[in-house]
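Number of protein chains: 2
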Amino acid sequence: MDIWLVDGNPAGAVPVTDRGLSYGDGLFETIAWRDNRPRFFDWHMERLAEGCRRLGFRCPAEKTLLSEMEAAAAGHADGTVKIIVTRGSGPRGYAAPRAPQPRRIVGYVRNTDAASSATGAGGITLRFCRTPISANPVLAGLKTLSRLDQVLARSEWQDPGIAEGLMQGPDGKVVCGTMSNVFLVKDRRLLTPDLTVCGVRGVMRRVVIETAQQLGIETAEVQLSRHDIMSAAELFVTNALIGLWPVAHCGRHAFEIGTVTTTLCRALQARGVTECAR
Amino acid sequence: MDIWLVDGNPAGAVPVTDRGLSYGDGLFETIAWRDNRPRFFDWHMERLAEGCRRLGFRCPAEKTLLSEMEAAAAGHADGTVKIIVTRGSGPRGYAAPRAPQPRRIVGYVRNTDAASSATGAGGITLRFCRTPISANPVLAGLKTLSRLDQVLARSEWQDPGIAEGLMQGPDGKVVCGTMSNVFLVKDRRLLTPDLTVCGVRGVMRRVVIETAQQLGIETAEVQLSRHDIMSAAELFVTNALIGLWPVAHCGRHAFEIGTVTTTLCRALQARGVTECAR
Chain A
0 MDIWLVDGNP
10 AGAVPVTDRG
20 LSYGDGLFET
30 IAWRDNRPRF
40 FDWHMERLAE
50 GCRRLGFRCP
60 AEKTLLSEME
70 AAAAGHADGT
80 VKIIVTRGSG
90 PRGYAAPRAP
100 QPRRIVGYVR
110 NTDAASSATG
120 AGGITLRFCR
130 TPISANPVLA
140 GLKTLSRLDQ
150 VLARSEWQDP
160 GIAEGLMQGP
170 DGKVVCGTMS
180 NVFLVKDRRL
190 LTPDLTVCGV
200 RGVMRRVVIE
210 TAQQLGIETA
220 EVQLSRHDIM
230 SAAELFVTNA
240 LIGLWPVAHC
250 GRHAFEIGTV
260 TTTLCRALQA
270 RGVTECAR
Chain X
0 MDIWLVDGNP
10 AGAVPVTDRG
20 LSYGDGLFET
30 IAWRDNRPRF
40 FDWHMERLAE
50 GCRRLGFRCP
60 AEKTLLSEME
70 AAAAGHADGT
80 VKIIVTRGSG
90 PRGYAAPRAP
100 QPRRIVGYVR
110 NTDAASSATG
120 AGGITLRFCR
130 TPISANPVLA
140 GLKTLSRLDQ
150 VLARSEWQDP
160 GIAEGLMQGP
170 DGKVVCGTMS
180 NVFLVKDRRL
190 LTPDLTVCGV
200 RGVMRRVVIE
210 TAQQLGIETA
220 EVQLSRHDIM
230 SAAELFVTNA
240 LIGLWPVAHC
250 GRHAFEIGTV
260 TTTLCRALQA
270 RGVTECAR
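Quick note, the sequences are listed as chains A and X, same order.
For the first sequence, numbering that gives the first Met the number 0 assigns the number 0 to the initial residue and increments by one for each residue that follows.
For the second sequence, numbering that gives the first Met the number 0 assigns the number 0 to the initial residue and increments by one for each residue that follows.
In structure tokens:
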């Protein structure tokens, strides 16, 4: 059974007046819990704090969240921890309370379903989604609770052989996967979509960019078309729970799992992203 | 005190695993409760049903919602009723459960704050918001729980003298108010923004368009620029609770409350939109 704490107290429910429910007025983080600790916790906290700042409410203290994660994990060494922070309860209407009391919802989830998806030793199969991702620079980069785009994109396929779907912005540029960021290798450079207009700035995306730079691999955040994806020398997707999944197929097109991908996988393993060893 | 029913039972809370909270995966309706009945209930139900169809889960039966609204209103003749329908609970991850059990949350709110805003006999004051509204044709028209754009736009001002703010899409076209639809009169035609890419198809918007057509006023859904707004002969905003608010000012610019607006107000009153008599 999953264990949840609401504002520090074991609870399975939140008030119906919570603005997270009413208006998607909040943020979340999904964190790999490894060896009794949250992995890359500082970077998850950085994104959460930036989100709270941009949405305009107080971010819970790191120490509070950490102790609540430990309480929720309750001695389990490995799994997934989820933190939701909402603007708290309020009266009906979009106008936020003058002095919001943000609500913390912290849960431990034993089953790390994402990591257990059929990835295969030879890389995953990817598809393109028809559902576009909403463009809005004021929300771009954040992991907000307003995630219907991703829900609808993920509902486009049931085939368990397809591990992820790529989403495009209204302008047709490729932005991300439904639950991941995407990278490609072209002319030995590591390219990933620019996220100033839409998309979530994944923590593992940041780890990969930093790791690549440490390895001397040139990286850039750019606009990428569907053609750029299909003509890439190497292609992979990342998130905090799966680490890095090389892409072997997108539709009928096959991709090689090349040296940049395998070099990054090894370096990520050394940083504790043991999922890359699969 | 507000009264809420969750799946028909008096309850103040929903499970933390509800996808409405996790991902904004649901819809809502805010309905004027007048003379012990929901006003324009059929049209609220039509939009809710279309939303459920497009999001891909079963819409609750009209009869069920009606009896739950009556139970929540508990003998109060007037007020506001809110219906939230989510995809229900599910495991972590965007992928929806194969057989979702949609959750109904029905509440009665005594204080109709929107209608009590300082509208003044001479029309409201409007502003333009900086926060753009997200564009996504797959969600356009629906009143989903993913409403962070509106929350951030509404947070741009505290001045109680400003009743509403207009939002523009990424292309700069004017789409709607934070909680209302917008109409203008130009060359004796009644124009309102086309909502195929973003915005909510308000029930009162539909009432106004239908009423105008019955009165022989030519109407059209078109692309409107900020200049179109500022050069309008008449300007007003609408929603299910406020009815129709004439606009007297936008920034320093003053608008006349002209004959089309006053004619529509009278016709709306005759249809039970008594707020227009203020």
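Every residue, glycine too, gets a C-beta built ideally from N, C-alpha and C.
Which same chain residues end up closer than 8 Å to methionine 178/A when comparing Cβ atoms and leaving out the 5 residues on each side of it in sequence?
Within the same chain, methionine 178/A has close Cβ partners Ala113, Gln149, Arg153, Glu163 and Asn238.
Neighbour list for aspartate 193/A in chain X, Cβ cutoff strictly below 8 Å:
Simply none; closest approach about 15 Å.
Looking at chain A, is there any beta carbon in it that lies within less than 8 Å of the beta carbon of leucine 144/X?
yes
Is the number of C-beta pairs between the segment 231 to 251 of chain X and the segment 203 to 220 of chain X that are closer than 8 Å three or more?
yes
Alpha carbon to alpha carbon, how far is glutamate 274/A from glutamate 233/A? Give it in angstroms, no decimals.
Between glutamate 233/A and glutamate 274/A, the C-alpha separation is close to 19 Å.
Under DSSP, the beta strand (DSSP E) around threonine 124/A begins and ends at which residues?
123 to 127
Once the 5 residues before and after lysine 185/X are set aside, which same chain residues still bring their CB inside 8 Å of it?
Excluding positions up to five away in sequence, the list reads Asp227, Ser230, Ala231 and Ala232.
Buried/exposed call for glutamate 217/A, threshold 16 Cβ in 10 Å
exposed
Residue-level contact to chain A via CB, serine 115/X, 8 Å cutoff:
Per-residue confidence for serine 115/X stands at a pLDDT of 46, beneath the threshold of 50, marking its modelled position as unreliable; no derived number is given.
Classify lysine 62/A as buried or exposed, calling it buried when 16 or more other Cβ atoms lie within 10 Å of its own Cβ.
exposed
Within the segment 131 to 219 of chain X, note down every full beta strand (DSSP E) run reaching 3 residues or more, in order along the chain.
163 to 167, 173 to 176, 180 to 185 and 188 to 192
Need the endpoints of the beta strand (DSSP E) that glycine 242/X sits in, please.
Per DSSP, glycine 242/X belongs to the beta strand (DSSP E) from 242 to 249.
Sequence-distant residues of its chain with Cβ nearer than 7 Å to aspartate 193/X (five each side left out)
Glu220, Val221 and Gln222
Relative to the C-alpha of threonine 79/X, which candidate in Arg33/X, Tyr22/X, Arg52/X and Pro99/X has its C-alpha closest?
Of the candidates Arg33/X, Tyr22/X, Arg52/X and Pro99/X, the one whose C-alpha sits nearest the C-alpha of threonine 79/X is Arg33/X.
Hey, how far is the Cα of alanine 31/A from the Cα of threonine 261/X?
Looking at the two C-alpha atoms, the distance is approximately 60 Å.
Assuming threonine 143/X and lysine 81/X make a contact with CB atoms under 8 Å, what is their CB distance in whole Å?
Threonine 143/X to lysine 81/X, Cβ: 14 Å. No contact.
Buried or exposed by the 16-neighbour rule on C-beta atoms within 10 Å, applied to threonine 195/A:
exposed
Alpha carbon of glutamate 45/X to alpha carbon of leucine 165/X, nearest angstrom:
Approximately 26 Å between the Cα atoms of the pair.
With a threshold of 8 Å between beta carbons, is serine 11/A in contact with chain X?
Contrary to the premise, residue 11/A reads as glycine rather than serine in this sequence. So, interface residue.
Lysine 81/X bridges to which residues according to DSSP?
Thr29/X and Gly106/X
Could you tell me the boundaries of the beta strand (DSSP E) in which valine 236/A lies?
233 to 238
For leucine 138/X, which of Leu190/X, Ile104/X, Gly106/X and Gly198/X has the nearest alpha-carbon?
Per the Cα distances, Gly198/X.
Determine which residues of the segment 73 to 84 of chain A have a Cβ less than 8 Å from any Cβ of chain X, and write them out in chain order.
Hits within the stretch, in order: Thr79, Lys81 and Ile83.
Find the residues of chain A that neighbour lysine 104/X, judging by a C-beta separation of less than 9 Å, and give them in chain order.
Position check: residue 104/X holds isoleucine in this sequence, whereas lysine was assumed. Residues of chain A passing the Cβ test: Val15 and Leu20.
Under 7 Å, CB to CB, which of the residues in the segment 178 to 204 of chain X have a partner in chain A?
Met178
Since leucine 223/A is in the beta strand (DSSP E), which residue starts that stretch and which ends it?
Boundaries cannot be given for leucine 223/A, as no beta strand (DSSP E) includes it and DSSP labels it neither H nor E.
For valine 13/A, list the residues DSSP reports as bridge partners.
Val13/X
In terms of residue numbering, what span does the beta strand (DSSP E) encompassing valine 259/X cover?
Valine 259/X -> not in any beta strand (DSSP E); alpha helix (DSSP H) instead, spanning 258 to 269.
Starting from the beta carbon of aspartate 24/X, find every residue of chain A whose beta carbon is closer than 7 Å, and list them in chain order.
Leu147 and Val150
Counting only beta-carbon atoms, is alanine 95/X nearer than 8 Å to chain A?
yes
Counting contacts by CB-CB distance shorter than 8 Å, is glycine 126/A in contact with chain X?
According to the sequence displayed, residue 126/A carries arginine and not glycine. By this cut-off, arginine 126/A is not an interface position.
Which residues bound the beta strand (DSSP E) around valine 272/X?
Unbroken run through valine 272/X: none, as it is neither H nor E.
Consider the Cβ of threonine 260/A: report whether some Cβ of chain X lies at a distance smaller than 8 Å.
no
Is the separation between the beta-carbon of leucine 243/X and that of leucine 267/X shorter than 8 Å?
yes
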